[in-house]
Structures are given as C-alpha cells and as structure tokens.
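Colleague: Using my numbering, the first residue of the sequence shown is number 109, and each one after it goes up by one.
The beta carbon of each residue, even a glycine, is placed where N, CA and C say it ideally should be.
Attaching a single structure in structure tokens format; questions to follow.
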Amino acid sequence: MTGYSEEFAAHLAQDCTTLCHCWLVTRRDGTTLGFTDHDRKLTVGGRTFEPQSGFSQSEVRTSLGMAVDTADVEGALSSDVLVEADILAGLYDGAKVETFLVNWMDTSQFARMRTSTIGRIERRDGQFVAELESLTASLDKPNGRVLRRQCDAQLGDGRCKVVTDDPAVKGEGVVVAIAGAGKFEAIGLGDYTPGWFSLGEISWTSGPLAGRCFAVLDHAVRGGKVFLAVSAADPQPEVGATFTIIAGCDKSFKSCREKYSNGLNFRGFPHLPGNDAAYRYVADGMVFDGGALVE
Numbered sequence: 109m110t111g112y113s114e115e116f117a118a119h120l121a122q123d124c125t126t127l128c129h130c131w132l133v134t135r136r137d138g139t140t141l142g143f144t145d146h147d148r149k150l151t152v153g154g155r156t157f158e159p160q161s162g163f164s165q166s167e168v169r170t171s172l173g174m175a176v177d178t179a180d181v182e183g184a185l186s187s188d189v190l191v192e193a194d195i196l197a198g199l200y201d202g203a204k205v206e207t208f209l210v211n212w213m214d215t216s217q218f219a220r221m222r223t224s225t226i227g228r229i230e231r232r233d234g235q236f237v238a239e240l241e242s243l244t245a246s247l248d249k250p251n252g253r254v255l256r257r258q259c260d261a262q263l264g265d266g267r268c269k270v271v272t273d274d275p276a277v278k279g280e281g282v283v284v285a286i287a288g289a290g291k292f293e294a295i296g297l298g299d300y301t302p303g304w305f306s307l308g309e310i311s312w313t314s315g316p317l318a319g320r321c322f323a324v325l326d327h328a329v330r331g332g333k334v335f336l337a338v339s340a341a342d343p344q345p346e347v348g349a350t351f352t353i354i355a356g357c358d359k360s361f362k363s364c365r366e367k368y369s370n371g372l373n374f375r376g377f378p379h380l381p382g383n384d385a386a387y388r389y390v391a392d393g394m395v396f397d398g399g400a401l402v403e
C-alpha cells in the first residue's frame, strides 16, 4: 500500500495517535522477515511482524532531487529470528527493506513510507546497526566495464555461457570428516583432478547450512582423500551434510580456453599491453605487423 487512506489520514490528524513502525526485510535468497518497534506481534497486509528483535530507527531525512538518503536501524540479535552467523554469511547484504507506518490499534490503516536497501552492517555486544540506503544510492556507483586482461563475467552467466549443470563442471559430495577451521574431507569428487574446484562455489543441500553458498578456496587430494577448503570465517558444516559444487575459474584466458573450451566467449582483453609496452620507445628491429603484443 502506498499513500494514506482516508481513515488513516483522519487518524493522523487527531491529537492523540497510536502509531508504530514496521519493517519488511526481503533477503537476496527470497526469505522475508517482519519486525516492528511495537511491543506485540502485528499482522499488517497479511504479513506478521515480530517485536522481540527490538528494532528501532534513527532520524530519517528525505532530500529533494537525486541526493542519497540514509537511515540507521538498530536491533538485537535474537536466536530465533536474527543470528550473527546469517549476517556474517552475507545473507542480509543488499537486502530490500520496506518501512511502514502503522496504526497498531487498527492494522488495516498503514502506509509504506520508503523502500531501502541494507548497506553497511555493524555488530557489537549482541546488537547490530544496519545502514539503510535509499534506492538512489545505486545511481551513485561507478558503472561500465573495466578494460583488463582477466575476464569480468561470472562463470555460467549469460555472457560466459558455460553450462554449469554439466557433470564436468558441477559435482556432488558428502562431508565425511572435519579437518580444521574451514577445511573438511568429502567423498563423491574422486573423478575430478586436484584443483578443479579451487575458486569455485559450494552450495549446501542438507544440514544446518542448507541453502547457503560459500566460495571454495582450495580443492586438494592427499593420500587418496579429497579435501576442500573454504574461508575459516564461514560456518562449519557437519559430518553427513551434502552439497553441490561448481568448478572454479581464475578468470584467465588460458583457463577459459583450456579448462572450459570457451575462448570465444572470454570477456577480458588477454592481449592488452602493459605499461612497459605502452610507454617504450620505437627502436630499430621492432616488429610492427599488427600482431598481439602479449601471448
């Protein structure tokens, strides 16, 4: 709902009002969560907004023109709604936040005040402070391509065109042992050469981490056993958890051509000359045949 209904406008015109704020958070994985600064649960527009997170909001100013407006929203990290592990995993990065003004005595009277995205998140002493950026913040970011030797496409996207569902690119496995912080032994990947999944992506399909994706730092084979390494800051999987894993790409033209036979779709500039070639002087014996300066 956008704007004010006649009933809500009449309530706002009264000397005494019964107002509160509600926030609807939509994460990038599609999960929606509702919070309110009221002291009891509210149902607004068919959605439930929980009070136990202790949400509160700083002063909000709206500017005319294209200025970027920000606000801070603060709340408690509660075990059943908001957990620090989810924030550390980046599940709330870039999440959409809709702010509603609600008459808590009659929740059919409400209005959406603004739509924002979560920017920087700070965590301290069981509390978090999230910066809410207006939608115009996206217009304040650099756009366009950067000319560099490495590819700037994501493996499997519309520009890369590698089919990531191909068994040669995508594997499945099970965790059989924990080898240390961010390291674990897995089965099901014995047919792949060591390093095939380094710099790839692992998606958990069962266990407490189901639905989450982490970057793979290393894929090694030692003593016939397969080991995978992710960031030590990522949550630890449990033994028996299943996953799918996508092969890695170091964004080089050599890997694109030899590992994926995808050189025609390479989105970098592998023959881009460096500063040494760009600034050197013309000398006798140099070849000027229009060929590539970098092999």
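Suppose you measure from the CA of S187 to the CA of N383; what does that come to, to the nearest Å?
Modeller: Low confidence applies to S187: its pLDDT is 46, below 50, so where it sits in the model is not reliable, and the reading given next is rough at best. The alpha-carbon atoms of S187 and N383 are separated by roughly 53 Å.
Colleague: Let me make sure I understand the geometry here. Which of V210, L297, F322 has the alpha-carbon closest to that of L334?
Modeller: Just to set this straight, residue 334 is Val in the shown sequence, not Leu. The shortest C-alpha separation from V334 is found at L297.
Colleague: Scan the segment 289-359 and note each continuous beta strand (DSSP E) run of 3 residues or more that stays entirely inside, going in chain order.
Modeller: The segment 289-359 contains these whole beta strand (DSSP E) runs: 291-295, 309-312, 321-330, 333-338, 350-354.
Colleague: To the nearest angstrom, how far is the alpha carbon of L255 from that of L380?
Modeller: Their backbone Cα atoms lie some 8 Å apart in a straight line.
Colleague: Pairs of beta-carbons, one from the segment 121-134 and one from the segment 196-215, closer than 8 Å: are there three or more?
Modeller: Output reads yes: the segment 196-215 touches the segment 121-134.
Colleague: When we look at the beta-carbon of R388 and count the other beta-carbons within 10 Å, is it buried (16 or more) or exposed?
Modeller: Looking at its Cβ environment, which holds fewer than 16 other Cβ atoms inside 10 Å, R388 is exposed.
Colleague: If I follow the unbroken alpha helix (DSSP H) through K269, where does it start and stop?
Modeller: Note, K269: premise wrong, no alpha helix (DSSP H); not H, not E.
Colleague: At which residues does the beta strand (DSSP E) containing A118 begin and terminate?
Modeller: Unbroken run through A118 is the alpha helix (DSSP H), 114-120; no beta strand (DSSP E).
Colleague: With L132 and T144 assumed to form a contact (beta carbons below 8 Å), what rounded beta-carbon distance in angstroms separates them?
Modeller: That belief does not hold up - the Cβ atoms of L132 and T144 are roughly 10 Å apart, past 8 Å.
Colleague: Tell me which residues share the same chain as S363 and place their Cβ nearer than 7 Å to its Cβ, disregarding the 5 neighbours each side in the sequence.
Modeller: Around S363: C357.
Colleague: Among the candidates A340, L263, A323, R330, whose CA atom is the shortest distance from the CA of A294?
Modeller: Out of A340, L263, A323, R330, R330 has the C-alpha closest to the C-alpha of A294.
Colleague: Determine the direct distance from the alpha carbon of A318 to that of D273, and round the result to whole angstroms.
Modeller: Cα to Cα, the separation comes out at about 19 Å.
Colleague: Find the nearest neighbour of E280 within the set F157, S311, R231, judged by alpha-carbon distance.
Modeller: Of the candidates F157, S311, R231, the one whose C-alpha sits nearest the C-alpha of E280 is S311.
Colleague: My guess is that R375 and C259 are in contact by the Cβ rule of under 8 Å, so how many angstroms apart are they, rounded?
Modeller: Indeed they touch by this definition, with Cβ atoms about 5 Å apart.
Colleague: Within a Cβ cutoff of 7 Å, which residues of the same chain sit near G308, ignoring the five residues on either side of it in sequence?
Modeller: Excluding sequence neighbours, G308 sits near V324, I353, I354, A355, G356.
Colleague: Skipping 5 residues on each side, what residues in its chain have a beta carbon closer than 7 Å to that of R155?
Modeller: Closer than 7 Å at the Cβ level, and outside the excluded window around R155, lie L132, G142.
Colleague: Going by the DSSP bridge assignment, what does G279 pair with across the sheet?
Modeller: Answer by DSSP bridge pairing, in chain order: I353.
Colleague: Could you check how far apart the C-beta atoms of V283 and A349 are, in whole angstroms? I think they sit under 8 Å.
Modeller: Correct: roughly 5 Å between the Cβ atoms.
Colleague: In chain order, what residues of the same chain have a beta carbon less than 7 Å from the beta carbon of V338, not counting five sequence neighbours either side?
Modeller: Result list for V338: G290, I310, F322, A323, V324, L325, in chain order.
Colleague: For C128, report the span of its beta strand (DSSP E) as first-last.
Modeller: Note, C128: beta strand (DSSP E), 127-134.
Colleague: Helix, strand or coil: which one does DSSP assign to F377?
Modeller: DSSP places F377 in coil when its eight states are reduced to three.
Colleague: Measuring alpha carbon to alpha carbon, tell me which of N370, L243, F116 ends up nearest G266.
Modeller: The residue with the shortest Cα to Cα distance from G266 is N370.
Colleague: Assign S224 to buried or exposed, taking buried as 16 or more other Cβ atoms, counted over all protein chains shown, within 10 Å of its Cβ.
Modeller: Counting Cβ neighbours within 10 Å, S224 comes out buried, since at least 16 surround it.
Colleague: Can you pull the DSSP bridge partners for A197?
Modeller: Paired residue(s): none; A197 is not in a bridge.
Colleague: Is the distance from the Cβ of A238 to the Cβ of R320 below 8 Å?
Modeller: Going by C-beta atoms, A238 is not nearer than 8 Å to R320.
Colleague: Counting C-beta neighbours from all protein chains within 10 Å, is the total for D342 16 or more, i.e. buried, or is it exposed?
Modeller: Classification for D342: buried.
Colleague: Could you tell me which of G393, V395, S360, S242 sits nearest to P378, measuring between CA atoms?
Modeller: Residue S360 is the option with its Cα nearest to P378.
Colleague: Residues in its own chain within less than 7 Å of R231 by CB, not counting five upstream and five downstream?
Modeller: Excluding sequence neighbours, R231 sits near E192, I195.
Colleague: Any idea what DSSP makes of K362, helix, strand or coil?
Modeller: Reduced to three states, the DSSP call for K362 is helix.
Colleague: So which of V390, F351, G111 has the shortest CA-CA distance to R222?
Modeller: For R222, the nearest C-alpha among the options comes from G111.
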